[in-house]
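Novice:
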């Protein structure tokens, strides 16, 4: 086995104006596991993910995907699939066209577009414009986009957003399956109940700083162990 | 570069806005030439034919907005995040947008030119004037008009990258053309005003909407406009590289 973690975050720091959004954040996410990246709203999860994806430039530190910075990956969509909070679409574009734009960009065959539409259950709505989509359908389209390049690393920000209970159960199975295929799956969330049953690994952050990183088992075996640990670890300091 | 441009073309061709803008150019040409004829211009004077064909460069207003839309539209709907996830080399993304919009601008200019020639020939035939494609300056006017359409599309990409707010970017561009250059022209006087972007485009397209400014020669207007397009393109790349995408 290789020593290189699928995702490695080393000392990431980012300040917006006078607000330090992320401070010396370090953690790793292994292949074959679902890693929960957990923290309250505004704790720096999204900024961290955006730095991993080279969308936001860190003031210090770096993030590596299989040992390489995202913006140095030759075909990033084939290595990393990302779903960012409030995935963005042009409302007038049809779902299938949205994915075809990305397929052109990733240089993957159009066959993949229909495969991922099928995978997320959107095949019947493929030719509808996104403005007609519910929040849950948009979320599924965002997941389809993340899966398009068949990547080994998935970074998903609040993936259960807008999904109904059946959708959340479906998502859980999807993520488990992806990890079992050997992929590294990272899900950022502030809703513990959505992730508690899915994650193998947890990274807990608060106020832009790392509070805990390790296997779920280290937190405790009781039913509400994750919740009580989360509340304790993320309690506001001084 | 090819996957990038293919993706850009598909992005623009799968929504309605760009198509409407492309349709608006030829419509403006038809309306402008018809207006010129109806206002009683002398159809036997060779200069009138040139004036009619020079409407092609006015249609570049829409390739300008097209270029703005190709960038600022992505910021408006947040799809720019997906674009940069596909291609983290943002400078090349802007280069691809410049190339794509430049090609679209050329195609739009060609279509507007064909429409301008057809409409001018039809009006001249109907009114008993004498229209000749071989008349002096005809091809320079058409070629210049197409070049203006290309340059304005590139300048639009630059404006869209500098001003991410779509409405503000379009308002700024239109205000510049409709108001600011006119006022600046009066303040600076004709000798300086003719170096400004819109007056340069008038020189290149061999039109003269205001008629009050003595324009540069056509090649001079072309050089100035190419220079403006290069400055906007460079500014677009530099600012896009530096800004965080949040």
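Chains as they are written, first to last, in this note's numbering: chain A, 1 to 238; chain B, 239 to 484. Even glycine gets a Cβ: it sits at the ideal position worked out from N, Cα and C.
In the DSSP assignment, find the alpha helix (DSSP H) that holds residue 38(A) and state where it starts and stops.
Specialist: The residue you call residue 38(A) lines up with position 38 of the first chain. Not the alpha helix (DSSP H): residue 38(A) falls in the beta strand (DSSP E), residues 34-38.
Novice: Could you pull out every residue in the same chain whose Cβ sits closer than 7 Å to the Cβ of residue 280(B), ignoring the five residues on either side in sequence?
Specialist: Walking along the second chain from the start, residue 280(B) turns up at place 42. Closer than 7 Å at Cβ, skipping near neighbours: 286.
Novice: State the Cα-Cα distance for the pair residue 212(A) and residue 334(B), rounded to the nearest angstrom.
Specialist: As a first step, residue 212(A) must be located in the first chain, where it is residue number 212. As a first step, residue 334(B) must be located in the second chain, where it is residue number 96. Approximately 43 Å, taken between the alpha carbons.
Novice: I'd like to know whether the C-beta of residue 249(B) is nearer than 8 Å to at least one C-beta of chain A.
Specialist: Here residue 249(B) corresponds to residue number 11 of the second chain, with the count starting at 1. Interface residue, yes.
Novice: What residue ranges within the stretch 422-455 of chain B form continuous alpha helix (DSSP H) runs of no fewer than 4 residues, ordered along the chain?
Specialist: Runs of the alpha helix (DSSP H) inside the stretch 422-455 of chain B: 428-431 and 435-442.
Novice: Whose C-alpha, out of 230(A), 53(A) and 168(A), is nearest the C-alpha of residue 214(A)?
Specialist: As a position in the first chain, residue 214(A) is number 214, starting the count at 1. With distances taken between Cα atoms, residue 214(A) lies closest to 230(A).
Novice: For residue 22(A), name the three-state secondary structure that DSSP assigns.
Specialist: Working through the first chain from its first residue, we reach residue 22(A) at position 22. DSSP places residue 22(A) in strand when its eight states are reduced to three.
Novice: Check each residue of the stretch 254-276 of chain B: if its Cβ is closer than 7 Å to any Cβ of chain A, include it; give the result in chain order.
Specialist: Answer in chain order: 254.
Novice: Quick one: residues in its chain with C-beta nearer than 6 Å to the C-beta of residue 362(B), no 5 flanking neighbours on either side, listed in chain order?
Specialist: For the purposes of this step, residue 362(B) is taken as the residue at position 124 of the second chain. Taken in chain order, the residues that qualify are 281 and 369.
Novice: Candidates 204(A), 142(A) and 220(A): which alpha carbon is nearest residue 25(A)'s?
Specialist: Taking the first chain and counting its residues from 1, the one referred to as residue 25(A) is at position 25. The residue with the shortest Cα to Cα distance from residue 25(A) is 204(A).
Novice: At the level of alpha carbons, what is the spacing between residue 80(A) and residue 406(B)?
Specialist: Along the first chain, read from residue 1 onward, the residue named residue 80(A) stands at position 80. Along the second chain, read from residue 1 onward, the residue named residue 406(B) stands at position 168. Approximately 35 Å, taken between the alpha carbons.
Novice: Quick one: list the residues of chain A neighbouring residue 242(B), beta-carbon separation under 8 Å, in chain order.
Specialist: Residue 242(B) sits at position 4 when you count from the first residue of the second chain. Under the 8 Å cutoff, chain A gives 105.
Novice: Express the C-alpha separation of residue 83(A) and residue 117(A) in angstroms, rounding to a whole number.
Specialist: Counting from one through the first chain, the residue named residue 117(A) turns up at place 117. Counting from one through the first chain, the residue named residue 83(A) turns up at place 83. Distance between the alpha carbons of residue 117(A) and residue 83(A) is about 15 Å.
Novice: Could you tell me whether the stretch 309-328 of chain B touches the stretch 102-116 of chain A, using the rule of 3 or more Cβ pairs below 8 Å?
Specialist: In short, these stretches touch, since the Cβ pair count reaches three.
Novice: Are there three or more Cβ pairs, one per stretch, closer than 8 Å when the stretch 467-476 of chain B is compared with the stretch 384-392 of chain B?
Specialist: Taking 8 Å as the limit for Cβ pairs, the verdict is that the stretch 384-392 of chain B does touch the stretch 467-476 of chain B.
Novice: Could you tell me which uninterrupted alpha helix (DSSP H) segments, each at least 4 residues in length, are contained entirely in the stretch 120-194 of chain A, listed from first to last along the chain?
Specialist: Runs found: 135-147 and 165-180.
Novice: Residue range of the beta strand (DSSP E) that residue 63(A) falls in?
Specialist: As a first step, residue 63(A) is located in the first chain; it is residue number 63 there, counting from the start. Unbroken beta strand (DSSP E) run through residue 63(A): 60-65.
Novice: Just to confirm my understanding: we take residue 19(A), look at its own chain, exclude 5 residues before and 5 after, and list those with CB closer than 7 Å. What are they?
Specialist: If you number the first chain from 1, residue 19(A) lands on position 19. Taken in chain order, the list of residues that qualify is empty.
Novice: Considering just the uninterrupted stretch of the alpha helix (DSSP H) at residue 284(B), what are its terminal residues?
Specialist: Mapped onto the second chain, residue 284(B) falls at position 46. It spans 284-291 - the alpha helix (DSSP H) in which residue 284(B) sits, taken as one unbroken run.
Novice: Taking 8 Å as the threshold, find out whether the stretch 24-42 of chain A comes into contact with the stretch 180-190 of chain A through three or more Cβ pairs.
Specialist: Touching, yes.
Novice: Give me the Cβ distance between residue 47(A) and residue 14(A), rounded to the nearest whole Å; I'm assuming they're in contact under 8 Å.
Specialist: In the first chain, the residue the question calls residue 47(A) occupies position 47. In the first chain, the residue the question calls residue 14(A) occupies position 14. Indeed, because the Cβ distance is near 6 Å, the residues count as touching under 8 Å.
Novice: Between which two residues does the beta strand (DSSP E) containing residue 53(A) stretch?
Specialist: The residue labelled residue 53(A) in the question sits at position 53 within the first chain. That residue, residue 53(A), is in no beta strand (DSSP E); it is neither H nor E in DSSP.
Novice: Counting only the same chain and skipping the five closest in sequence on each side, list residues whose C-beta sits under 7 Å from that of residue 208(A).
Specialist: Reading the first chain from its first residue, position 208 is the one you call residue 208(A). Correct list, in chain order: 20, 21, 22, 23, 43 and 44.
Novice: Within 10 angstroms of its Cβ, does residue 234(A) collect 16 or more other Cβ (buried), or is it exposed?
Specialist: For the purposes of this step, residue 234(A) is taken as residue 234 along the first chain, with counting starting at 1. Residue 234(A) is buried by the Cβ-count criterion.
Novice: Name the chain B residues that come within less than 7 Å of residue 233(A), Cβ to Cβ?
Specialist: Within the first chain, numbered from 1, the residue matching residue 233(A) stands at position 233. The premise fails here: residue 233(A) is roughly 26 Å from chain B at the closest Cβ pair, so nothing lies under 7 Å.
Novice: How would you write the range of the beta strand (DSSP E) that residue 418(B) sits in, first residue to last?
Specialist: The sequence position of residue 418(B) within the second chain is 180, counting from 1. Counting along the chain, residue 418(B) falls outside any beta strand (DSSP E), and DSSP gives it neither H nor E.
Novice: Compute the Euclidean distance between the alpha carbons of residue 77(A) and residue 425(B), then round it to the nearest angstrom.
Specialist: The residue labelled residue 77(A) in the question sits at position 77 within the first chain. The residue labelled residue 425(B) in the question sits at position 187 within the second chain. Approximately 53 Å, taken between the alpha carbons.
Novice: Is there a C-beta anywhere in chain B that falls below 8 Å from the one on residue 154(A)?
Specialist: Along the first chain, read from residue 1 onward, the residue named residue 154(A) stands at position 154. Chain B, which has no Cβ nearer than 8 Å to the Cβ of residue 154(A), makes this no.
Novice: According to DSSP, what are the bridge partners of residue 215(A)?
Specialist: Counting from 1 along the first chain, the entry for residue 215(A) is found at position 215. Looking at the DSSP assignment, residue 215(A) forms a beta bridge with 201(A).
Novice: Counting contacts by CB-CB distance shorter than 8 Å, is residue 1(A) in contact with chain B?
Specialist: Here residue 1(A) corresponds to residue number 1 of the first chain, with the count starting at 1. In this predicted model, residue 1(A) has a pLDDT of only 43, less than 50, meaning its place in the structure is not dependable; the value taken from the coordinates is given anyway. So no, residue 1(A) is outside the interface.
Novice: Could you tell me the distance, in whole angstroms, from the CA atom of residue 154(A) to the CA atom of residue 63(A)?
Specialist: Residue 154(A) sits at position 154 when you count from the first residue of the first chain. Residue 63(A) sits at position 63 when you count from the first residue of the first chain. For residue 154(A) and residue 63(A), the distance between alpha carbons rounds to 14 Å.
Novice: What are the residues of the stretch 66-79 of chain A that lie near chain B, defined by any Cβ-Cβ distance shorter than 7 Å?
Specialist: Listed by position, the residues of the stretch 66-79 of chain A near chain B (Cβ gap below 7 Å) are 70, 71, 76 and 77.
Novice: Given this structure, state the Cα-to-Cα distance separating residue 439(B) from residue 253(B), to the nearest angstrom.
Specialist: In the second chain, the residue the question calls residue 439(B) occupies position 201. In the second chain, the residue the question calls residue 253(B) occupies position 15. One C-alpha to the other measures close to 29 Å.
Novice: Should residue 249(B) go down as buried or exposed, given a rule of 16 or more other Cβ atoms within 10 Å for buried?
Specialist: Against the second chain, residue 249(B) aligns to sequence position 11. Residue 249(B) is buried by the Cβ-count criterion.
Novice: If contact is defined by three or more beta carbon pairs under 8 Å, each pair taking one atom from either stretch, is the stretch 254-269 of chain B in contact with the stretch 345-362 of chain B?
Specialist: Taking 8 Å as the limit for Cβ pairs, the verdict is that the stretch 254-269 of chain B does touch the stretch 345-362 of chain B.
Novice: Measuring only the C-alpha atoms, how far is residue 473(B) from residue 75(A)?
Specialist: Along the second chain, read from residue 1 onward, the residue named residue 473(B) stands at position 235. Along the first chain, read from residue 1 onward, the residue named residue 75(A) stands at position 75. Between residue 473(B) and residue 75(A), the C-alpha separation is close to 27 Å.
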